[in-house]
Structures are given as structure tokens and as C-alpha cells.
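Residue numbers for the sequence shown follow my numbering, beginning at 15 and rising by one. The beta-carbon is built from N, C-alpha and C at its ideal position, and this holds for glycine as well. Working notes for the structure below.
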Amino acid sequence: MKKIIVIGALWAVLTMSVSCKKAPSLTVSPATCEVSSDGGTVQLTVNANYSWSAESDTDWIRVVTKSGEADQTVLSIVVSGNTLPDAREGSVTVTCESAVQTVKVVQRLKPMVIPVEGKEISFGCESQIAEIEISTNVDFEVEVNSSESWLKVLSTKGMRTAKVTLSLEENETYSLREATLRFTCDGAAVSEIYVMQAGRPQSFTVVHDLARFKVPELLGFGMSATVFWGDGSSEVYDNGLIHSYTGDGLHEVRVEATQAASVSMPDMVGVKKVDLTSF
15 MKKIIVIGAL WAVLTMSVSC KKAPSLTVSP ATCEVSSDGG TVQLTVNANY
65 SWSAESDTDW IRVVTKSGEA DQTVLSIVVS GNTLPDAREG SVTVTCESAV
115 QTVKVVQRLK PMVIPVEGKE ISFGCESQIA EIEISTNVDF EVEVNSSESW
165 LKVLSTKGMR TAKVTLSLEE NETYSLREAT LRFTCDGAAV SEIYVMQAGR
215 PQSFTVVHDL ARFKVPELLG FGMSATVFWG DGSSEVYDNG LIHSYTGDGL
265 HEVRVEATQA ASVSMPDMVG VKKVDLTSF
């Protein structure tokens, strides 16, 4: 009889101890966090009355603090940079026995302003209005980075596929000139385009009576030229280029160039006239 009483008392004690255990309590804050496209470390605060664990549902969210004990604890997660043109969402689930809370992680998109024709655009020397096509996922602003005012942005219009209208003044010099279009979103630089405008065509003539003539030497960064030999034939300029004539008499050689900075003729034998007024 005593055994039965002792067992009954022991059972009562065990039952009381189980019933007195507190229910799991869990609070994670903030419940939603927004992260920039660059990513980074985010710290969440966990209040739980028992030990807890955490896991992510995506590979771009890495849980650093995977578990913790009761009382207030810091939960650290690392969010990778977003290289996509769209925002994305993921979550971190925290579990404290039967209590579960999910934290939503929202990462902003990476601002993109992509010139369809490439990051270098060239124009002729004449005055003109031109449009460049832009593929973008954000509203943007455009500014011209140049010490001169030959290039202006007239308008921007559209979204997703945008048109940027440019106004170029005539380049009355013989030199190439360039400027940078800087695209910004919320004050931050997103992309750049290098705009180049060719200088005016240059030319000079040389009259000679030689049977073989060596073209004068031209120098200049990005220089290109065509040589018209005066007998109906022409060639693309190359340093040291020599032309032979079948007939005697005077021949007028004309050289048309762009971006030439200088011309030199060390040997003037047989040369009757040189005209550099358009060079």
C-alpha cells in the first residue's frame, strides 16, 4: 500500500513539473529588413526564452549566427551583392522549440544604365542632333563632363528603353575632341559614355616632277589619311609609302587626313610647290 502511495506522489510531482514549464516565446526584430544592392551584414535581435536556431532559404543570404541561447541575442546575417536588374526577396527562419518566426529580407535592385551602342560613340565634325539609346531599370539624370560647351543634352525620355538626345556643335578645329556623359541615379554615378567628335578634314598638296615619290610623314594620335597620287590612283596612308609614275612631267599629290598633328618632308628634291593652307 505504501508503494502505491509513493509512486502516486512521485507521479504527481512529475506532472506538476511538466505543467509548470513555460511555453516557448520568440520575437525577432525587425520582421522585415531592406538591404542595398551592394549587400552587407545585417543584425537582427532575437528574444527567446529557450535556445533557438536560424536558417536561410536562399544562397545569397548567409546566416552567421546559426544558433543562440535564451534571453536577448544578436543574429547576424550576410547578404551578397545583387548583380541583377531586379529586386529580390529571401527569408531567414528562426525556430525556438515550437515557436517559429520568419524574417523577410528585401534587397534592392542594382541600378543599371547601359548604352545600347557601347560606351564609346563617335560623331563627325559637323553640327548635328543625335539620339543614343539606353537600356535601363531606373530613372536617371545625365550630365556632360567637359571643359567646353560643344556638347549638350537636350532631353531624356522613356524608361526601360530610353532615348537621350544630344546636340553637337560643329567642330571647326582639326583636332578630335571628347566629353563624358555621366549617368546618375539618386545622385550616385551609375554609368558613363565617352563621346568623341572628329576634327575637320585636313589636306595639303605637293607638286613634284619625280618618277618615284615618297609620301610626307604624318604624325598624330588616331590619325588616318588617304593619298591621291595625281595620276588617278590613291592609297591609304602608311609611313614610308612610295609611288612610281609611268610618265614624266609634274604630278600633284594631295593628302587628305584627319587627326594629323604634323607633317614633315625631309627631302625636298624635285618638289616644285607645297600648299599647307588647309592643314
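- [ ] Classify N151 as buried or exposed, calling it buried when 16 or more other Cβ atoms lie within 10 Å of its own Cβ.
- [x] Classification for N151: buried.
Open item on the list: Check for me: the beta strand (DSSP E) holding W66 runs from which residue to which?
Closed with: Segment 66 to 70, the beta strand (DSSP E) holding W66.
Open item on the list: Please tell me whether E48 and R122 are closer than 8 angstroms, where the distance is taken between their beta carbons.
Closed with: Yes.
- [ ] Measure from the alpha carbon of S248 to the alpha carbon of each residue in V269, M237, G234, then state which is nearest.
- [x] Of the listed residues, the one whose Cα sits closest to S248 is V269.
- [ ] Can you tell me which of T260, V241, S258 puts its alpha carbon nearest to the alpha carbon of D252?
- [x] Put simply, of T260, V241, S258 the residue whose alpha carbon is nearest the alpha carbon of D252 is V241.
- [ ] Mark L264 as exposed unless 16 or more other C-beta atoms lie within 10 angstroms of its C-beta, in which case mark it buried.
- [x] Classification for L264: exposed.
Task: Length at least 3, wholly inside the segment 32 to 93: the beta strand (DSSP E) runs in chain order - done: Within the segment 32 to 93, complete beta strand (DSSP E) segments of at least 3 residues are found at 40 to 43, 46 to 49, 54 to 62, 66 to 70, 75 to 77, 87 to 93, given in chain order.
Open item on the list: Along the chain, where does the beta strand (DSSP E) containing R268 start, and where does it finish?
Closed with: 265 to 272 is the extent of the beta strand (DSSP E) around R268.
- [ ] List the endpoints of the continuous beta strand (DSSP E) containing S160.
- [x] Premise fails: S160 is in no beta strand (DSSP E) and is neither H nor E.
- [ ] Have a look at T79 and L89 and give me their C-alpha separation to the nearest angstrom.
- [x] Straight-line Cα distance between these residues: approximately 5 angstroms.
Open item on the list: Is the separation between the beta-carbon of A144 and that of L182 shorter than 8 angstroms?
Closed with: Yes, they are a contact pair.
- [ ] Determine, using beta carbons only, whether G178 and A193 come nearer to each other than 8 angstroms.
- [x] Before going on, a small fix: residue 178 reads as Val here, not Gly. For the 8 angstroms CB-CB criterion, V178 and A193 do not form a contact.
- [ ] Measure the alpha-carbon distance for F293 versus P125 and round it to whole angstroms.
- [x] Taking the CA atoms as reference points, F293 sits about 46 angstroms from P125.
Task: C-alpha gap between M153 and E162, whole angstroms - done: A quick correction: the sequence has Asp, not Met, at residue 153. Between D153 and E162, the C-alpha separation is close to 27 angstroms.
Task: Coil, strand or helix - E140 by DSSP - done: DSSP places E140 in coil when its eight states are reduced to three.
Open item on the list: Less than 8 angstroms between the C-beta atoms of C110 and W66, yes or no?
Closed with: Yes, the Cβ-Cβ distance between C110 and W66 is below 8 angstroms.
Open item on the list: Going by the DSSP bridge assignment, what does G261 pair with across the sheet?
Closed with: For G261, which the question treats as bridged, DSSP gives no partner whatsoever.
Open item on the list: Give the list of continuous beta strand (DSSP E) stretches no shorter than 3 residues that lie fully inside the segment 96 to 135.
Closed with: Runs of the beta strand (DSSP E) lying entirely within the segment 96 to 135 and spanning at least 3 residues, in chain order: 102 to 110, 113 to 121, 127 to 129.
Open item on the list: Going by beta-carbon coordinates alone, are V56 and V108 separated by less than 8 angstroms?
Closed with: Result no, Cβ atoms of V56 and V108 do not sit closer than 8 angstroms.
Task: L180 and Q115 closer than 8 angstroms at C-beta - done: Cβ distance not < 8 angstroms, so L180 and Q115 don't count as in contact.
Open item on the list: Using DSSP's beta-bridge definition, name the partner residues of K228.
Closed with: Answer by DSSP bridge pairing, in chain order: I256.
Open item on the list: Please classify A159 as buried or exposed, where buried requires at least 16 neighbouring CB atoms within 10 angstroms.
Closed with: In the sequence as displayed, the identity of residue 159 is Asn instead of Ala. For N159, the number of other beta carbons within 10 angstroms of its own is below 16, and it is reported as exposed.
Open item on the list: Looking at the strands, I want to know which residues DSSP matches up with K287.
Closed with: Answer is V221, bridged to K287.
TODO: Inspect the beta-carbon positions of A239 and L232 and report whether they are closer than 8 angstroms.
DONE: Cβ atoms of A239 and L232: closer than 8 angstroms.
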